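Note that this note's numbering has the sequence shown beginning at 611, numbered continuously upward. Report on the structure given below.
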Amino acid sequence: MGLVFKIFRRRATTPDPQKAPRWEDTLPPAETERIHRILNDFTTSALETYCAPDQHDYQLWHSGKLAPLVITTLLDRGRHFGPHVDHACKEEEPEVDLWEVGRLYPRWDQTIALAQLLGVRVRNLAHPEIHPHHHANRPARRMGPTVVILSFEPSAVDDVVKDAPQSMTPIQHP
Numbered sequence: 611m612g613l614v615f616k617i618f619r620r621r622a623t624t625p626d627p628q629k630a631p632r633w634e635d636t637l638p639p640a641e642t643e644r645i646h647r648i649l650n651d652f653t654t655s656a657l658e659t660y661c662a663p664d665q666h667d668y669q670l671w672h673s674g675k676l677a678p679l680v681i682t683t684l685l686d687r688g689r690h691f692g693p694h695v696d697h698a699c700k701e702e703e704p705e706v707d708l709w710e711v712g713r714l715y716p717r718w719d720q721t722i723a724l725a726q727l728l729g730v731r732v733r734n735l736a737h738p739e740i741h742p743h744h745h746a747n748r749p750a751r752r753m754g755p756t757v758v759i760l761s762f763e764p765s766a767v768d769d770v771v772k773d774a775p776q777s778m779t780p781i782q783h784p
């Protein structure tokens, strides 16, 4: 005679996980409006085809105006992912991932390489209203659509631009 064992499955005792709050619900109305305005600028402005960067592009980069959200959006739109992105941007994996969350700021030559990979001008990766900003709870990796990362950590920008000249010199042209 064979023995019959009944296996009882324990039901989960934890409540159903709640959905993560939308980023719009976590900010004051004025900040939400500002972010929507910036996002609208990125979606409605025509992206310019890549061409050699000029002084305006350099100043946007030097001032920390690159936007991680735009970098992520354009990488996703172009289906650019994996080690080839880091290699094309003169970086080791997973450094570009850290650009996307604003923890590392790309050097000028890397910014140019990124713009070339994406086929857009450097200025299309930046926004004049964006300033480096410290976030105490900045994610370590991409979190999906519930987190909007508009700016880089000030220390990340400072680490890269502190030794860079204030204006673009002829040797810095690609």
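Where a beta carbon is used, it is the ideal one built from N, C-alpha and C, also for glycine. A quick note: this is a predicted structure, and the numbers were derived from the prediction, not measured.
Under a 10 Å Cβ-count criterion, residue 666 is classified as exposed, with fewer than 16 other Cβ atoms of the shown protein chains found around its own Cβ. Under the DSSP assignment, residue 720 falls in the alpha helix (DSSP H) whose first and last residues are 718-728. Remark: C-beta atoms of residue 742 and residue 763 approach each other more closely than 8 angstroms.
Contact annotation: residue 699 and residue 723 have beta-carbon atoms nearer than 8 angstroms.
Looking at the DSSP output, residue 676 sits in a beta bridge with 736.
The Cβ atoms of residue 677 and residue 737 lie closer than 8 angstroms to each other. For residue 708, the enclosing alpha helix (DSSP H) covers residues 705-710.
When DSSP states are grouped into helix, strand and coil, residue 779 belongs to the coil group.
Ranked by Cα distance from residue 731, the first of 638, 660, 682 and 641 is 660. The residue from 771, 729 and 758 with its alpha-carbon nearest to that of residue 641 is 758. Looking at 712, 638 and 683, the one whose alpha-carbon comes closest to that of residue 768 is 712.
Proximity to residue 716 across 645, 771, 778 and 760 peaks at 771, based on C-alpha coordinates. In this structure, the straight-line span from the alpha carbon of residue 705 to that of residue 696 is close to 7 angstroms.
Pairing residue 740 with residue 690, the inter-Cα distance amounts to about 24 angstroms.
Of the residues assessed, residue 729 falls on the exposed side of the cut-off, its CB having fewer than 16 other CB atoms within 10 angstroms.
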